[in-house]
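Notes to accompany the following structure.
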Amino acid sequence: MSIKENQDSIRVRFAPSPTGYVHIGSLRTALFNYLFAKHSGGKNILRIEDTDQTRKVEGAVENLIKVMGSLGIEFDEGPIQGGNYGPYYQSQRLEIYRKYCDELINNGAAYYAFETPEELDEMRRLQQLEGRQTMYDGRARNLSEDEVRDKLQKGMPHVIRLKVPADREIRFTDAIKGVIKINSNLIDDQILLKSDGFPTYHLANVVDDHLMNITHIIRGEEWITSVPKHILIYEALGWHAPEMAHVPLILNKDKSKLSKRQGDVAVEDYLKKGYLKEALINFISLLGWNPGEGEENEFYSLDELCKIFTLEKVQTSGAVFNPEKLNWMNNYYIKNYDIDRLIELSLPYFKNSGISSSDDIKKILSAIRVYLNKLEEIPIHLKIFIQEDITPEPASLKDLLENDDSKKIFSALKSKIEKLDFVNAENYKQAVSEVQKETGVKGKNLFKPLRIALTGSENGPELPLIAEILGKEKILKFLGKWI
RNA sequence: GGUCCCAUCGACUAGGGGUUAGGUCGUCACUCUUUCACAGUGAAAACACGGGUUCGAAUCCCGUUGGGACCGCCA
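Using this note's numbering, the letters of the first sequence map in sequence onto residues 62 to 544.
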């Protein structure tokens with residue numbers, strides 16, 4: 062495929078820095094990029110922004126690709142699958158950035174600066190003290206060519222900064238927010254190239270988005286204030302900036318930016334707890350986006366989302382992440398999931414229960430899935446199926462088992478069950494109704510003691526079902542205890 | 001503090017000049033199921049405020065207030 066053809070089609074990128082786990086906000090950004098690309102038949106590209114050597118985390122990229130992949134978000138180009146615009150690690154593109162930096166220096170859009178981090182800290186401290194804006198004061202702008210050459214020759218550590226022009230109004234149109242204007246006097250002389258030779262985000266993302274033919278930048282709102290800097294770089298290099306779409310943030314309950322302090326933010330955590338990928342994707346897609354036009358359905362598969370997703374329907378304001386609604390949605394998916402697929406996903410949670418018969422697992426899971434907000438809750442519902450002795454909980458329920466009527470029922474049922482070869486839901490029900498006739502005990506007085514005697518609890522799934530799973534031997538044992 | 005962004009029930013949102021302001025989660029009540037849950041029905045619950053524009057503003061404009069993001073040799 063020629064580059065020319067590519068220019069016509071939509072290309073978006075997800076550009077995370079590999080700092081470890083995958084943030085819920087990152088997932089949403091990646092999702093929107095993916096949906097936008099798929100919706101328009103474009104390409105979804107993964108680019109790793111690893112220009113901060115101090116923040117690199119081993120295995121983070123592999124983890125990210127794994128997590129995204131497990132949720133169904135795939136990339137057409139990226140560090141693993143390659144592509145015509147690589148390399149897709151920014152750390153492997155250093156010469157490229159260097160080259161464009163030189164170009165910026167040569168055309169007067171950037172300059173060398175030699176302050177140490179300590180000097181800059183001091184400068185900011187003073188500015189703060191005076192109640193002024195903390196901002197690079199442009200002191201290195203005044204260095205003469207000779208001074209610069211001299212310092213360079215001496216091998217002094219240096220950075221390259223963007224020379225932001227004065228008194229200009231920078232404006233751009235954001236696909237979500239509309240027209241945004243800012244005066245250039247408020248823009249810092251941003252560092253483009255760090256003293257370790259690595260570019261900053263600002264330079265690297267501009268260069269790469271251009272070189273990789275990115276047509277639309279879809280990213281979090283936190284980037285919106287640095288767009289003007291990027292515009293200046295595009296201009297200085299004679300390039301057109303891609304379309305921009307800044308999606309609103311996902312928020313904590315207190316409306317601040319979603320953060321670790323206030324709950325789980327790692328997608329891995331949600332997966333580990335047994336949130337289904339379909340539910341996660343569905344729920345996240347509805348955070349800051351909706352199909353609109355009075356559409357009241359809230360359940361969408363990834364494929365359906367690809368069909369109906371548009372940037373126009375992305376919200377302008379932030380969305381609070383509501384775990385309760387996620388639970389509700391996950392429960393819905395669990396209840397309606399193909400049972401065999403659900404069993405597969407649930408197996409790890411049966412591991413230490415001693416329940417291994419696939420028949421039993423299927424029966425139990427069918428009975429308890431309605432209670433599950435997430436798969437990790439399975440073990441707490443397993444107790445009634447695996448306990449060897451019954452201790453009523455709360456203890457006060459014990460009284461109900463020790464009255465005369467109850468004892469009468471238990472004895473009657475026990476002798477019925479003893480005659481059975483095996484117990485299933487049907488013959489259990491039959492036996493109980495016979496007990497009812499014989500003893501004259503009925504209604505609550507019949508069913509409640511039985512439930513407590515068999516499970517230790519006053520509520521739970523249907524009793525005949527439980528009886529079938531418990532089996533003859535256990536039922537006899539449990540009934541016998543109270544006679 | 002400066003700049004930028006934002007503003008419909010507690011939360012997610014529909015609606016964007018004339019609506020009884022609709023739906024979902026959550027909450028509450030009732031029904032169903034001899035339990036709980038599920039399901040069903042119903043209820044309480046919102047256009048931040050003030051000015052314009054208009055016959056008419058939740059909707060358009062301005063301001064106020066409130067919230068958020070950003071202000072690093074981090075992304």
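Just so you know, even glycine gets a beta-carbon here, dropped at the ideal spot from N, CA and C.
Residue span of the beta strand (DSSP E) that contains residue i, given as start and end
i    : result
L298 : It is not in any beta strand (DSSP E) - L298 carries neither H nor E in the DSSP assignment.
E230 : 230-235
F75  : 72-75
N244 : 239-244
I223 : Here residue 223 is Leu; the residue named in the question, Ile, does not match the sequence. Run containing L223: 220-223, per the beta strand (DSSP E) assignment.
R280 : 277-281
L107 : 104-107
Residue from the options with nearest C-alpha to residue i
i    : options                : result
F471 : P453, L458, Q497       : Q497
K104 : Y262, E156, N274       : N274
S346 : R72, P77, G81, G86     : G86
F411 : Y398, I429, D399, N397 : I429
R193 : G120, M184, R200       : M184
E385 : S378, N413, G324       : G324
Q151 : Y262, R116, L181       : Y262
L474 : N488, R116, L204, K160 : N488
I447 : D269, D460, F539       : F539
K334 : G130, K459, P440       : P440
R210 : P178, Y197, I166       : I166
L366 : I248, T377, N351, E191 : N351
T115 : F483, D257, Y82        : D257
E156 : L264, D182, Q214, E179 : L264
G521 : G532, F508, K533       : F508
E359 : Y331, Y295, Y393       : Y393
Y197 : T90, K212, P178        : P178
T195 : Y295, R186, A201       : R186
Own chain partners of residue i with C-beta closer than 6 Å, once the 5 adjacent residues on each side are dropped
i    : result
H84  : V326
Y361 : N343
S467 : P510
K318 : L310
L387 : F344
E138 : I106, G144
L443 : S414
Buried or exposed (CB count within 10 angstroms, at least 16 for buried), residue i
i    : result
F344 : buried
K65  : Bear in mind that the predicted position of K65 carries a pLDDT of just 40, short of 50, making it unreliable; the figure below should be weighed with that in mind. K65 is exposed by the Cβ-count criterion.
T218 : Thr is not the amino acid found at residue 218; the sequence shown has Pro there. Exposed, by the Cβ-count rule.
R108 : buried
P455 : exposed
V73  : buried
C-beta contact flag for residue i and residue j at 7 Å
i    : j    : result
A340 : N391 : yes
A380 : L348 : yes
I395 : L363 : no
F297 : A170 : Inspection of the sequence shows that residue 297 is occupied by Ala rather than by Phe. It is a contact, given that the beta carbons lie within the stated cut-off.
I285 : H307 : yes
E552 : I527 : No statement about residue 552 is possible, as the shown extent of the chain runs from 62 to 544 and does not include it.
R222 : S245 : no
I243 : P289 : yes
Y158 : V268 : yes
D250 : I241 : no
F370 : I292 : no
S101 : I134 : no
P525 : A492 : no
G355 : K374 : no
E329 : Y82  : yes
R280 : T516 : no
8 Å CB neighbourhood of residue i in its chain, flanking five on each side removed
i    : result
I404 : S419, I422, K423, L426
S63  : For S63, the pLDDT reaches just 36, beneath the cut-off of 50, and the residue's location in the model is therefore unreliable, although a value from the coordinates is still provided. Answer for S63: no residue qualifies.
I544 : K468, F471, S472, K475
E529 : K424, V484, N485, A486, Y489
Y295 : V267, H271, H301, A302
Enclosing alpha helix (DSSP H) for residue i [first to last residue]
i    : result
V308 : No alpha helix (DSSP H) holds V308; the beta strand (DSSP E) holding it covers 304-308.
K538 : 533-541
I252 : Looking at the DSSP string, I252 is not in any alpha helix (DSSP H); the run it does join, the beta strand (DSSP E), is 252-254.
E397 : The sequence given here places Asn at residue 397; Glu does not occur at that position. Looking at the DSSP string, the run of the alpha helix (DSSP H) that includes N397 is 384-397.
A265 : 262-272
L443 : 439-447
Y41  : A question about residue 41 goes unanswered here, because the residues of the chain that appear run from 62 up to 544.
A340 : 338-346
Cβ-based neighbour list, residue i, same chain, cut-off 7 Å, excluding 5 preceding and 5 following
i    : result
P79  : I109, D111, K117, V118, A121, V122, L125
W300 : H271
Q68  : With a pLDDT of 47 at Q68, under the threshold of 50, the predicted position of this residue should be treated as unreliable, though the coordinate-derived value follows. Within the same chain, Q68 has close Cβ partners N274.
L92  : I134, I342, I345, S346
E479 : L537
T500 : K469, I470, A473
G199 : D250
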